[in-house]
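Participant:
Protein chains: 2
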Amino acid sequence: MGAEELTETMTGPAQQDEAARQVTKADDLAGPQEPTDAGDRAGLVARFPAGVLITAPELVAGYAHDESRLTQRNLPWAVASPATTDEVAQCMRLAAEAGIPVVVRGAGSGLSGAANAPAGAMVLSTHRMASILEIDTIDRLAVVQPGVVTGALRAAVSEVGLFYPPDPGSVAFSTMGGNVATNAGGMCCVKYGVTGDYVVGLEAVLSDGRVMRTGRRTIKGVAGYDLTHLLVGSEGTLAIVTEITVRLLPAPAGAATMVAMFASLSDAGRAVAAIGEDAVDTSMLELLDRTTLGAIERKAHLGFGDDVAAALIVQSDAPTSADQLAAAEAACRRCDATEVVVSTDPDEADLLLRARRLALPALEELGDRLLDDVCVPRSRVVDLVEHIQRVGIEEGLEIGVFGHAGDGNMHPTIIFDESDDASRTAALRAFDSITACALRLGGTITGEHGVGRLKGAWLSRELDPVSAEMHARVRRALDPQGLLNPGCLLPG
Amino acid sequence: MGAEELTETMTGPAQQDEAARQVTKADDLAGPQEPTDAGDRAGLVARFPAGVLITAPELVAGYAHDESRLTQRNLPWAVASPATTDEVAQCMRLAAEAGIPVVVRGAGSGLSGAANAPAGAMVLSTHRMASILEIDTIDRLAVVQPGVVTGALRAAVSEVGLFYPPDPGSVAFSTMGGNVATNAGGMCCVKYGVTGDYVVGLEAVLSDGRVMRTGRRTIKGVAGYDLTHLLVGSEGTLAIVTEITVRLLPAPAGAATMVAMFASLSDAGRAVAAIGEDAVDTSMLELLDRTTLGAIERKAHLGFGDDVAAALIVQSDAPTSADQLAAAEAACRRCDATEVVVSTDPDEADLLLRARRLALPALEELGDRLLDDVCVPRSRVVDLVEHIQRVGIEEGLEIGVFGHAGDGNMHPTIIFDESDDASRTAALRAFDSITACALRLGGTITGEHGVGRLKGAWLSRELDPVSAEMHARVRRALDPQGLLNPGCLLPG
Numbered sequence: 005m006g007a008e009e010l011t012e013t014m015t016g017p018a019q020q021d022e023a024a025r026q027v028t029k030a031d032d033l034a035g036p037q038e039p040t041d042a043g044d045r046a047g048l049v050a051r052f053p054a055g056v057l058i059t060a061p062e063l064v065a066g067y068a069h070d071e072s073r074l075t076q077r078n079l080p081w082a083v084a085s086p087a088t089t090d091e092v093a094q095c096m097r098l099a100a101e102a103g104i105p106v107v108v109r110g111a112g113s114g115l116s117g118a119a120n121a122p123a124g125a126m127v128l129s130t131h132r133m134a135s136i137l138e139i140d141t142i143d144r145l146a147v148v149q150p151g152v153v154t155g156a157l158r159a160a161v162s163e164v165g166l167f168y169p170p171d172p173g174s175v176a177f178s179t180m181g182g183n184v185a186t187n188a189g190g191m192c193c194v195k196y197g198v199t200g201d202y203v204v205g206l207e208a209v210l211s212d213g214r215v216m217r218t219g220r221r222t223i224k225g226v227a228g229y230d231l232t233h234l235l236v237g238s239e240g241t242l243a244i245v246t247e248i249t250v251r252l253l254p255a256p257a258g259a260a261t262m263v264a265m266f267a268s269l270s271d272a273g274r275a276v277a278a279i280g281e282d283a284v285d286t287s288m289l290e291l292l293d294r295t296t297l298g299a300i301e302r303k304a305h306l307g308f309g310d311d312v313a314a315a316l317i318v319q320s321d322a323p324t325s326a327d328q329l330a331a332a333e334a335a336c337r338r339c340d341a342t343e344v345v346v347s348t349d350p351d352e353a354d355l356l357l358r359a360r361r362l363a364l365p366a367l368e369e370l371g372d373r374l375l376d377d378v379c380v381p382r383s384r385v386v387d388l389v390e391h392i393q394r395v396g397i398e399e400g401l402e403i404g405v406f407g408h409a410g411d412g413n414m415h416p417t418i419i420f421d422e423s424d425d426a427s428r429t430a431a432l433r434a435f436d437s438i439t440a441c442a443l444r445l446g447g448t449i450t451g452e453h454g455v456g457r458l459k460g461a462w463l464s465r466e467l468d469p470v471s472a473e474m475h476a477r478v479r480r481a482l483d484p485q486g487l488l489n490p491g492c493l494l495p496g
Numbered sequence: 005m006g007a008e009e010l011t012e013t014m015t016g017p018a019q020q021d022e023a024a025r026q027v028t029k030a031d032d033l034a035g036p037q038e039p040t041d042a043g044d045r046a047g048l049v050a051r052f053p054a055g056v057l058i059t060a061p062e063l064v065a066g067y068a069h070d071e072s073r074l075t076q077r078n079l080p081w082a083v084a085s086p087a088t089t090d091e092v093a094q095c096m097r098l099a100a101e102a103g104i105p106v107v108v109r110g111a112g113s114g115l116s117g118a119a120n121a122p123a124g125a126m127v128l129s130t131h132r133m134a135s136i137l138e139i140d141t142i143d144r145l146a147v148v149q150p151g152v153v154t155g156a157l158r159a160a161v162s163e164v165g166l167f168y169p170p171d172p173g174s175v176a177f178s179t180m181g182g183n184v185a186t187n188a189g190g191m192c193c194v195k196y197g198v199t200g201d202y203v204v205g206l207e208a209v210l211s212d213g214r215v216m217r218t219g220r221r222t223i224k225g226v227a228g229y230d231l232t233h234l235l236v237g238s239e240g241t242l243a244i245v246t247e248i249t250v251r252l253l254p255a256p257a258g259a260a261t262m263v264a265m266f267a268s269l270s271d272a273g274r275a276v277a278a279i280g281e282d283a284v285d286t287s288m289l290e291l292l293d294r295t296t297l298g299a300i301e302r303k304a305h306l307g308f309g310d311d312v313a314a315a316l317i318v319q320s321d322a323p324t325s326a327d328q329l330a331a332a333e334a335a336c337r338r339c340d341a342t343e344v345v346v347s348t349d350p351d352e353a354d355l356l357l358r359a360r361r362l363a364l365p366a367l368e369e370l371g372d373r374l375l376d377d378v379c380v381p382r383s384r385v386v387d388l389v390e391h392i393q394r395v396g397i398e399e400g401l402e403i404g405v406f407g408h409a410g411d412g413n414m415h416p417t418i419i420f421d422e423s424d425d426a427s428r429t430a431a432l433r434a435f436d437s438i439t440a441c442a443l444r445l446g447g448t449i450t451g452e453h454g455v456g457r458l459k460g461a462w463l464s465r466e467l468d469p470v471s472a473e474m475h476a477r478v479r480r481a482l483d484p485q486g487l488l489n490p491g492c493l494l495p496g
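Written out as structure tokens, the structure is:
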């Protein structure tokens with residue numbers, strides 16, 4: 005499978021159909037659009053570059069929040085849409101002068117509330133900075149503006165035989181800037197790692213409007229601190245990224261794809277471990293639990309009977325992909341797989357991947373969804389899923405679990421009724437219990453979605469107090485006024 | 005080739021035979037051992053944990069500097085050798101209270117002066133913290149203390165079928181802590197990346213003696229800032245690393261090895277590019293220039309005639325290694341290689357690698373050596389080497405060039421006479437010219453050795469002023485008193 009096809013098949017989930025994303029009206033939002041200490045905002049507006057700022061509440065409301073649930077939503081003061089680094093710098097200087105908080109925003113497809121603007125804040129949208137500036141086929145680099153859609157970069161580099169691996173579920177609409185802000189992952193991570201593993205250099209605008217570059221264009225380099233990876237995953241709290249240099253790989257060979265079904269979750273878990281122990285070269289190793297399969301089956305009738313407790317979806321894009329999947333199949337059969345289907349045909353593979361792509365949309369049809377994102381050591385995935393299933397029973401909630409079993413990063417999806425206080429409370433209790441369990445199992449509160457405003461309180465449970473203090477000090481070092489995304493990542 | 009054999013063959017260069025390393029006497033060193041404002045150092049000594057501190061100048065002098073040349077050497081006040089994190093914390097609290105600068109030191113094999121102690125400083129040696137605490141074969145992690153020799157970790161994990169890739173030339177004696185401090189690379193980087201690509205978590209003691217943990221044990225994780233990689237490569241200026249968690253890989257398949265000879269440097273350069281364009285899966289892609297080959301030939305008579313202008317040494321450890329090297333051979337022959345030798349036999353491979361291992365020892369027999377470490381985009385390696393050859397002619401110096409052509413990280417080795425002022429001056433001029441050239445070619449002043457005290461002034465030419473200021477602010481954020489390795493990385 006070439007990179008282009010991979011883009012196609014791994015675009016995946018269509019988890020979030022852009023058309024279906026929530027649009028919010030100004031009246032739905034909390035808080036005054038301008039804080040009482042706002043000063044002369046009319047005079048300020050006039051000083052922005054022409055055509056960059058909008059303040060009409062009905063338009064601004066569309067930029068108020070991301071795709072997270074149960075996070076606070078407010079009406080921002082304005083949306084700035086600069087087209088150049090210079091314009092970003094101008095916007096930041098004006099915001100800093102007026103003391104206005106700034107929330108940077110890509111496609112708004114985040115799931116942690118990191119792009120939920122505080123009341124009265126300025127949203128800085130990168131959508132007008134959407135150019136691929138360079139694709140260097142010799143040194144295998146691309147330089148992009150932050151508003152470039154990740155899938156568009158993947159498609160562009162595949163046309164010249166290259167491969168940009170990161171493939172978050174949102175790849176068809178999320179932006180490179182957003183991916184950098186959360187250090188986005190995806191299904192490829194089991195083999196290819198995350199966004200940060202490809203970022204070699206950045207240009208960024210500080211909260212005072214000054215521009216700096218980090219990193220370099222070479223593969224190796226140790227001149228100075230790794231400010232590049234300090235910015236990656238910093239959720240817009242340290243600087244506004246205005247240019248991204250990523251390394252690229254040669255396009256992988258044709259992929260082979262497999263679906264294996266199991267009569268028990270623990271069999272599937274043993275198979276994940278066995279595939280790892282046998283060092284099978286997998287570029288995807290996904291797990292779907294019974295609740296998720298049931299939801300998929302109700303939607304699409306793919307043939308997952310009630311006797312299927314869990315399924316694994318495995319792909320290898322190694323030059324020896326057929327051998328690799330033969331090894332994966334053998335491991336699954338050793339672990340009592342009830343059925344295994346393998347294909348090297350792209351169309352058939354697409355069918356096999358359909359279940360994975362339907363996981364979130366199918367669960368979303370069951371009710372409102374609170375999507376979690378915890379990561380545990382690979383060996384503890386089954387323990388985590390079993391805990392989640394118990395919590396679902398205790399709270400009387402359907403909780404589907406699917407995700408990246410190969411790297412321990414799972415997405416428990418709690419189905420609840422947002423309009424029902426008791427259901428909301430139960431969902432939040434389940435969410436807390438799952439997150440606590442991930443920490444107990446030696447894991448982390450977030451594998452790829454970020455902390456945002458959804459898990460700020462949890463961050464202080466993952467970090468020790470000294471680390472938390474160093475986080476705050478580093479943040480002050482880069483943004484002494486505290487203007488960048490206040491309330492995100494580190495609360496208060 | 006198993007990981008163990010790799011350790012053996014890639015230990016490489018024996019570049020720095022430990023026995024041959026410079027030992028310095030107290031009288032050779034500049035500066036007073038105790039600054040005049042030292043206060044009651046005798047009282048201070050008594051408060052250190054028993055058996056941890058030595059202050060005898062004749063012993064302390066052995067810890068005064070690393071293996072760099074033309075960097076300032078001074079007599080430290082004392083050497084602390086804590087055995088536990090708690091003892092490190094105690095040492096740091098006492099140093100902080102007395103305002104004594106602290107330089108952390110592993111094996112002292114660094115090449116940039118990062119472990120050269122300021123006069124009156126306390127050297128904190130990690131040599132008593134040399135335990136491998138854990139090797140987890142299921143989740144493929146190792147947890148080590150900083151004083152563990154990198155080669156010892158590679159050997160230990162290879163015994164259980166796992167692989168820790170980083171292989172700096174010093175792998176047989178440099179420590180994991182030192183490797184983390186410089187983000188060390190090696191010959192494997194073209195395929196496997198650098199030390200930082202394997203570090204997932206750290207424990208570190210701050211300059212005030214407080215302990216923090218960074219990162220995690222999971223493969224993915226985005227909870228908070230990436231303080232782990234802020235510490236990696238920070239050369240002991242931000243915190244003292246006391247525990248390192250690294251991820252491991254399955255042991256690679258048997259390797260195939262190739263040497264290709266060329267009548268011109270540009271042919272070799274074209275071959276490097278061709279191997280890259282053909283996406284050959286190489287785990288080593290090294291270049292030796294004519295000066296280096298001449299020095300090797302004088303030492304070992306390996307059969308590199310005067311007509312050989314450059315040689316490439318290529319290894320592949322892919323499951324398809326024979327195919328990979330067949331592709332590499334074809335690329336070299338297309339680019340007019342005059343001779344190509346390929347072997348899949350480990351003993352023969354060892355012979356083929358001998359030239360690479362002899363590069364630095366052979367050059368060192370020609371006189372004093374100033375070893376540089378610049379990295380340029382792969383496509384500019386030939387431009388860099390041609391510039392270096394011109395500089396050698398202009399300055400009347402022999403300059404051998406060898407290194408990691410596959411990732412653009414080259415080691416120009418300037419041969420000079422340290423006792424001759426004119427020769428020293430010429431060597432420094434050549435060093436500056438080469439470093440400036442690397443920057444002009446879009447490269448960096450250091451690919452893997454670090455900035456240390458050798459290239460502090462150059463760092464301000466690579467970083468823009470805003471980035472430099474953010475470096476200083478981050479440093480103050482973590483070490484407000486400025487006690488950790490003052491003068492290293494950021495001068496002044």
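Protein chains in written order, with my numbering: chain A, 5 to 496; chain B, 5 to 496.
Yeah, the Cβ is synthetic: ideal placement off N, Cα and C, and Gly gets one too.
1. What are the complete alpha helix (DSSP H) segments, minimum 4 residues, inside the segment 257–330 of chain A?
2. Would you tell me roughly how many angstroms separate the C-alpha atoms of residue 350/B and residue 329/B, rounded to the nearest one?
3. For a contact meaning CB atoms closer than 9 Å, what does residue 487/A contact in chain B?
4. Output the distance between the C-alpha atoms of residue 83/B and residue 381/B, rounded to the nearest integer angstrom.
5. Considering residue 242/B, what are the terminal residues of the beta strand (DSSP E) in which it resides?
6. Measure the alpha-carbon distance for residue 367/B versus residue 276/B and round it to whole angstroms.
7. Let me make sure I understand the geometry here. Which of 427/A, 420/A, 461/A has the alpha-carbon closest to that of residue 2/A?
8. Which two residues bound the contiguous beta strand (DSSP E) that contains residue 85/A?
9. If you draw a straight line from the alpha carbon of residue 447/B to that of residue 441/B, how long is it in whole angstroms?
10. What does a CB cutoff of less than 6 Å around residue 336/A pick up in its chain, not counting 5 residues either side in sequence?
11. Using a 10 Å radius around the Cβ and a threshold of 16 neighbouring Cβ atoms, would you call residue 408/B buried or exposed?
12. From residue 232/A to residue 206/A, what distance separates their C-alpha atoms?
13. Could you tell me the distance, in whole angstroms, from the CA atom of residue 250/A to the CA atom of residue 229/A?
14. In three-state DSSP terms, what is residue 248/A?
15. Where do the N-terminal and C-terminal ends of the beta strand (DSSP E) with residue 106/B fall, by residue?
16. Could you pull out every residue in the same chain whose Cβ sits closer than 6 Å to the Cβ of residue 138/A, ignoring the five residues on either side in sequence?
17. Using three-state DSSP, classify residue 344/A as helix, strand or coil.
18. Secondary structure at residue 144/A, three-state DSSP: helix, strand or coil?
19. Touching or not, the segment 243–259 of chain A and the segment 167–187 of chain A, by the rule of three or more beta carbon pairs under 8 Å?
20. Are residue 178/A and residue 113/A closer than 8 Å when you measure CB to CB?
21. Among the candidates 242/A, 143/A, 156/A, whose CA atom is the shortest distance from the CA of residue 204/A?
22. Is residue 488/A helix, strand or coil when you go by DSSP?
23. Measuring straight from C-alpha to C-alpha, what distance separates residue 28/A and residue 108/A?
24. For residue 384/B, which three-state DSSP category applies?
25. In three-state terms, what does DSSP make of residue 37/B?
26. With 16 as the cutoff for other CB atoms within 10 Å, does residue 429/A come out buried or exposed?
27. Taking three-plus beta-carbon pairs below 8 Å as touching, is the segment 240–250 of chain A in contact with the segment 91–109 of chain B?
28. Under 8 Å: do the segment 476–483 of chain A and the segment 471–487 of chain B share three or more Cβ pairs, one atom per stretch?
29. Going by DSSP, name the residue or residues bridged to residue 208/B.
30. Can you give the beta carbon distance from residue 152/B to residue 134/B, rounded, assuming they're within the 8 Å contact cut?
31. From what residue to what residue does the alpha helix (DSSP H) around residue 437/A run?
Facilitator: Judging by the given coordinates:
1. The qualifying runs are 269–281, 294–304.
2. To locate residue 350/B, count along the second sequence from 1; it is residue 346. To locate residue 329/B, count along the second sequence from 1; it is residue 325. In a straight line, the C-alpha of residue 350/B is about 15 Å away from that of residue 329/B.
3. On the first sequence, position 483 is the one that residue 487/A refers to. None at all; the shortest Cβ gap to chain B is about 16 Å.
4. Counted from its first residue, the second sequence places residue 83/B at position 79. Counted from its first residue, the second sequence places residue 381/B at position 377. Computed Cα separation, rounded: 41 Å.
5. By one-based count along the second sequence, residue 242/B stands at place 238. It is not in any beta strand (DSSP E) - residue 242/B carries neither H nor E in the DSSP assignment.
6. In the second sequence, residue 367/B corresponds to position 363, counting from 1. In the second sequence, residue 276/B corresponds to position 272, counting from 1. Going from the Cα of residue 367/B to the Cα of residue 276/B covers about 23 Å.
7. No answer is possible for residue 2/A: the residues shown for chain A start at 5 and end at 496.
8. Mapped onto the first sequence, residue 85/A falls at position 81. Neither: residue 85/A is in no beta strand (DSSP E) and is coded neither H nor E.
9. Counting from one through the second sequence, the residue named residue 447/B turns up at place 443. Counting from one through the second sequence, the residue named residue 441/B turns up at place 437. Across the structure, residue 447/B and residue 441/B are spaced so that their CA atoms are roughly 8 Å apart.
10. Position 332 of the first sequence holds residue 336/A. Excluding residues within five positions, the ones whose Cβ falls inside 6 Å are 264, 275, 344.
11. As a working note, residue 408/B is residue 404 in the second sequence. That one is buried.
12. Walking along the first sequence from the start, residue 232/A turns up at place 228. Walking along the first sequence from the start, residue 206/A turns up at place 202. In a straight line, the C-alpha of residue 232/A is about 6 Å away from that of residue 206/A.
13. To locate residue 250/A, count along the first sequence from 1; it is residue 246. To locate residue 229/A, count along the first sequence from 1; it is residue 225. For residue 250/A and residue 229/A, the distance between alpha carbons rounds to 18 Å.
14. Taking the first residue of the first sequence as 1, we reach residue 248/A at position 244. Residue 248/A: strand per DSSP, three-state reduction.
15. Position 102 of the second sequence holds residue 106/B. Residue range 106–109 is occupied by the beta strand (DSSP E) that includes residue 106/B.
16. Translated into positions along the first sequence, residue 138/A becomes position 134. The residues are 147.
17. Against the first sequence, residue 344/A aligns to sequence position 340. Three-state result, residue 344/A: strand.
18. Taking the first residue of the first sequence as 1, we reach residue 144/A at position 140. The answer is coil: DSSP assigns residue 144/A none of H, G, I, E or B.
19. A contact exists between the segment 243–259 of chain A and the segment 167–187 of chain A.
20. In the first sequence, residue 178/A corresponds to position 174, counting from 1. In the first sequence, residue 113/A corresponds to position 109, counting from 1. Going by C-beta atoms, residue 178/A is nearer than 8 Å to residue 113/A.
21. Residue 204/A sits at position 200 when you count from the first residue of the first sequence. Among 242/A, 143/A, 156/A, the Cα nearest to that of residue 204/A belongs to 143/A.
22. Residue mapping note: residue 488/A aligns to position 484 of the first sequence, counting from 1. Looking at residue 488/A - three-state DSSP - the assignment turns out to be strand.
23. Start at 1 with the first residue of the first sequence, and residue 28/A comes out as number 24. Start at 1 with the first residue of the first sequence, and residue 108/A comes out as number 104. Answer to the nearest angstrom: the Cα atoms are 18 Å apart.
24. Translated into positions along the second sequence, residue 384/B becomes position 380. The answer is helix: DSSP assigns residue 384/B an H, G or I state.
25. Position 33 of the second sequence, counted from the start, is the residue given in the question as residue 37/B. In this structure, residue 37/B counts as coil in the three-state DSSP scheme.
26. Locating residue 429/A in the first sequence gives position 425, where the first residue counts as 1. The residue in question, residue 429/A, is exposed, as its Cβ has fewer than 16 Cβ neighbours within 10 Å.
27. no
28. yes
29. Within the second sequence, residue 208/B is the residue found at index 204, counting from 1. According to DSSP, which records beta bridges pairwise, residue 208/B is partnered with 216/B, 245/B.
30. As a working note, residue 152/B is residue 148 in the second sequence. As a working note, residue 134/B is residue 130 in the second sequence. So it is a contact: roughly 5 Å between Cβ atoms.
31. Position 433 of the first sequence holds residue 437/A. That run of the alpha helix (DSSP H) goes 425–444.
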